[in-house]
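Structure record follows, encoded as structure tokens.
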Amino acid sequence: MSRADSPEPPGPLPIRRLHESLINRIAAGEIIHRPASALKELLENSLDAGATFIRVTVKDGGLKLLQIQDNGCGIRKTDLPILAERFTTSKLSTFSDLSHLTTYGFRGEALASISHISRLTVLTKTKSDSCAWKAQYLDGVLIAQKAGQTPDPKPCAGNDGTTIIIEDLFYNTPTRLSALRNASEEYMRILDAMTRYAVHNPKISFTCKKVGSSSPDLSTPAGSEIKHAIRLLYGHSVAKELLYTKISSKTRKRKFTSSNDADDADDEDRDALDDEDPEAWNAEALFTNANYQTKKMTFLLFINHRLVESSRIKRAIEAVYNGILPKGASPFVYLSLMIDPRAVDVNVHPTKREVHFLNEEVIIECISDSLSHALASQGQSRVFQYQTILTGGIAEPNTQSRKGKGKEKEVQAEERDEEVSSAVPTGDAVKKVYSQHKVRTSLQDRTLDSMFPVVNPSQVVSPSQKEDPSSSVVEPPPPVKTREIKESECFLTSVKNMRQNIIKNKHNRLTEILEKHTFVGVVDLNRCLSLIQYSTNLYLVNHSALAEELFYQLGWRQFGDFSRLKLEPPPPIRTMVEIAVQAEESTKDSQMTKAEITDRIVEILMEKREMLSEYFSLAINPSGHLESLPLLLRGYTPNLDNLPNFLMRLGPQVDWTSEAECFDTFFCELAHFYTPGPSLTPEEDHQAQEKAEKWQIEHIVFPALRRYLAAPKSLLDNHVVQIASLPDLYKVFERC
1 MSRADSPEPP
11 GPLPIRRLHE
21 SLINRIAAGE
31 IIHRPASALK
41 ELLENSLDAG
51 ATFIRVTVKD
61 GGLKLLQIQD
71 NGCGIRKTDL
81 PILAERFTTS
91 KLSTFSDLSH
101 LTTYGFRGEA
111 LASISHISRL
121 TVLTKTKSDS
131 CAWKAQYLDG
141 VLIAQKAGQT
151 PDPKPCAGND
161 GTTIIIEDLF
171 YNTPTRLSAL
181 RNASEEYMRI
191 LDAMTRYAVH
201 NPKISFTCKK
211 VGSSSPDLST
221 PAGSEIKHAI
231 RLLYGHSVAK
241 ELLYTKISSK
251 TRKRKFTSSN
261 DADDADDEDR
271 DALDDEDPEA
281 WNAEALFTNA
291 NYQTKKMTFL
301 LFINHRLVES
311 SRIKRAIEAV
321 YNGILPKGAS
331 PFVYLSLMID
341 PRAVDVNVHP
351 TKREVHFLNE
361 EVIIECISDS
371 LSHALASQGQ
381 SRVFQYQTIL
391 TGGIAEPNTQ
401 SRKGKGKEKE
411 VQAEERDEEV
421 SSAVPTGDAV
431 KKVYSQHKVR
441 TSLQDRTLDS
451 MFPVVNPSQV
461 VSPSQKEDPS
471 SSVVEPPPPV
481 KTREIKESEC
491 FLTSVKNMRQ
501 NIIKNKHNRL
511 TEILEKHTFV
521 GVVDLNRCLS
531 LIQYSTNLYL
541 VNHSALAEEL
551 FYQLGWRQFG
561 DFSRLKLEPP
571 PPIRTMVEIA
581 VQAEESTKDS
591 QMTKAEITDR
601 IVEILMEKRE
611 MLSEYFSLAI
621 NPSGHLESLP
631 LLLRGYTPNL
641 DNLPNFLMRL
651 GPQVDWTSEA
661 ECFDTFFCEL
671 AHFYTPGPSL
681 TPEEDHQAQE
691 KAEKWQIEHI
701 VFPALRRYLA
711 APKSLLDNHV
721 VQIASLPDLY
731 KVFERC
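Here it is in structure tokens:
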């Protein structure tokens, strides 16, 4: 074929203006990659709104339902019509505001993007509003909630704050939806994002659960500290090996301390920057030492409180650990970097995942040097544990003399508030102590949990343990330091008499066992059984019965002077009593209907609310909402799933006609509510709750039993059983 016969090249195609709906859908795909992306945007909105409580509910990994509820400042009704339009924001007014930006969001694209790829509902209420307002959006505009209605926001009941409901995410983008069919993986990404924000914001309560689950998979208390949040969310194996360092551009003086000092760091100092120096910065880090390693690095990086990623910072930190950890091992690192907003460009990524800042190389070098200095000061040798063949105990290699070991044990015993009066014997004339008469006095020795290696790593909730399933030795964390519970001053005769009766009925032998016991481990959480050691004897105890007696006595001890466990938002008592009455089978035999029973119980509680608030710190406001509960033991949180049943029982079970009987029966019900007990949820749905409950039993309940319980003889008769004696076991072995 000749050149003359060849076909002519095609001409240029015409340029068309894309339809606005297509533009918005393309833009939405850049912002919202998956359910976790939508969650991150809305979490940041809640934090910007000043929320102290954030609850997330998820269905099918967030594809069917993703609901975020907070108690922030809310949204004004007048702003709802343009809420889901693109580039509508309260954070910016001029371009120069970008150089002073201190909030998470600023472009106003999150809700707009979500409305173009899902069905969006917003429920919001400000403190000045008399009611909440509900609005539904599609493609950025308000739509009617029901056929025949106007699209305007509708009044409804609701608490202060905002609830965002996202349904059928990616329903109109089938390609994106087909790539996200693994709901479990998407849910784990949501949990990971919430976990990271919960660590950086320990003063805020975070909760995340699946639809239909009775217990949350993630739950953190408000008013905590960063190190406590890491222990709760990533496990004690990470928290016990943490080091803390802080560095700034002003001094560049490397400071390194033990991890306990991180709890005392001043929150205001974290945000303090020199206003006159645009290149000012400061950073603080919590990072593991050479004793901790995992297969995949856990790196939490926050720059100006924004969760971001930085490959350069991550590579620099990995280089610090290359000479400390074995090949293939990685650390846990939390780094919070505060930089003057004038030196940071946050508008470099659609999802705000990355930021650029001035003097990046200098800052990274200073941080790396600080981490290296802190690690070097701790020594780079690792601590290994091994199991001896004959005794099954754990030994640690050391060169201490017998005398030095004895002194170390005395110090450890003093830290547990145990009196150690025996001196360490020295000299050749000292009588030899045989093995069967040696008593374990240190919590650093092997516990029950360490004797059972993890078979299925997926069953362990802690992210660090998921990444390192080979770890089979779990050391107990250090004792939790709690404030002394002093006996309140009270002049009521009934209270004085009961306090005297508690001391009079004390069983000295059992009280001594509990005062000087060493915790071994939880045997069966559902049957409430635990093991403790006293002297050379091993005891099986019902920790639920012991805890109930403890909380009963703590109620009398703090009468009239309780700390308050505030509920935010305060739930209506009528709703909770209705739930309990509907589930109570014994009401079927009553002559009263369930509605009448509910009315009667609510009437009693409202009638007695002033007394309940004054004596027991159980506050009910005039509108019938429960604002606070008595806090019996700091650091211990009762299972609030039992709250409806507790309120229902206050009606018929408390004797309101007599002062002494009223106080006694109320404290019985309060102790029953506080008592840890078996969970009724399926095993796969309450792993996180089970782990948290075990931690509370070991580190909160049993130390409190040691300090405060005057044990009555009834506990010894029914709930404490000696199951082994070391001298008797040696006699059995000798016969063999």
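Going by full-length UniProt numbering, the sequence shown opens with residue 1, and the numbers climb by one from there. Each residue gets a CB set at the ideal place from its N, CA and C atoms; glycine is no exception. Keep in mind it's a predicted model, so treat the numbers as computed, not measured.
Within the stretch 525–609, the runs of beta strand (DSSP E) that reach at least 3 residues and sit entirely inside it are, in chain order, 529–534, 537–542, 563–566. With respect to the 9 Å criterion, residue 325 and residue 374 are not classified as neighbours on the basis of their beta carbons.
When secondary structure is reduced to three states using DSSP, residue 310 falls in the coil class, being assigned neither helix nor strand.
If only complete runs of 4 or more residues are kept, the stretch 625–677 shows the alpha helix (DSSP H) at 643–653, 659–674, in order along the chain. The DSSP-derived three-state label of residue 160 is coil. Checking the DSSP bridge columns, you'll see residue 167 partnered with 65, 119.
According to DSSP, residue 494 shares a beta bridge with no other residue.
Between residue 247 and residue 222, the gap from beta carbon to beta carbon reaches 9 Å or more.
In the structure shown, residue 70 falls within a strand segment according to DSSP collapsed to helix, strand and coil. Nearest Cα to residue 284 within the set 378, 300, 496: 300. According to the DSSP assignment, residue 284 belongs to the beta strand (DSSP E) that extends over 281–288.
The beta-carbon distance between residue 162 and residue 75, rounded to whole angstroms, is 6 Å. This is short enough to meet the 8 Å contact definition. From the listed residues 563, 50, 547, the smallest Cα separation to residue 488 is found for 563.
By DSSP's assignment, residue 208 forms a beta bridge with 56, 218.
Our two residues, residue 575 and residue 628, have alpha carbons roughly 16 Å apart in a direct line. For residue 297, no beta strand (DSSP E) segment is defined, and its DSSP state is neither H nor E. Distance between residue 318 and residue 368, taken at the CA atoms: about 9 Å.
The closest CA to that of residue 610, considering only 661, 624, 137, is found on 624. When the Cα atoms are used, residue 713 and residue 526 turn out to be separated by approximately 24 Å. For residue 696, there is no enclosing beta strand (DSSP E); the enclosing alpha helix (DSSP H) covers residues 687–696. The count of Cβ pairs closer than 8 Å, one atom from the stretch 534–554 and one from the stretch 710–729, reaches three, so the stretches are in contact. Taking a cut-off of 8 Å on C-beta distances, the stretch 513–530 does not touch the stretch 594–601, as fewer than three cross pairs fall below it. Boundaries of the alpha helix (DSSP H) around residue 238: 236–239. About 6 Å separates the beta carbons of residue 169 and residue 117, which is inside the 8 Å limit, making them a contact pair.
Beta-bridge analysis with DSSP links residue 242 to 288. Assignment of residue 147 by DSSP, reduced to helix, strand and coil, places it in the coil class. A Cβ-Cβ separation of about 6 Å places residue 544 in contact with residue 676 under the 8 Å criterion. Counting C-beta atoms within 10 angstroms of its own C-beta, residue 230 has 16 or more neighbours from the protein chains shown and is therefore classed as buried. In the three-state scheme derived from DSSP, where H, G and I count as helix and E and B as strand, residue 518 is classed as strand. Contact holds between the stretch 662–672 and the stretch 494–513, because three or more Cβ pairs, one in each stretch, are under 8 Å apart.
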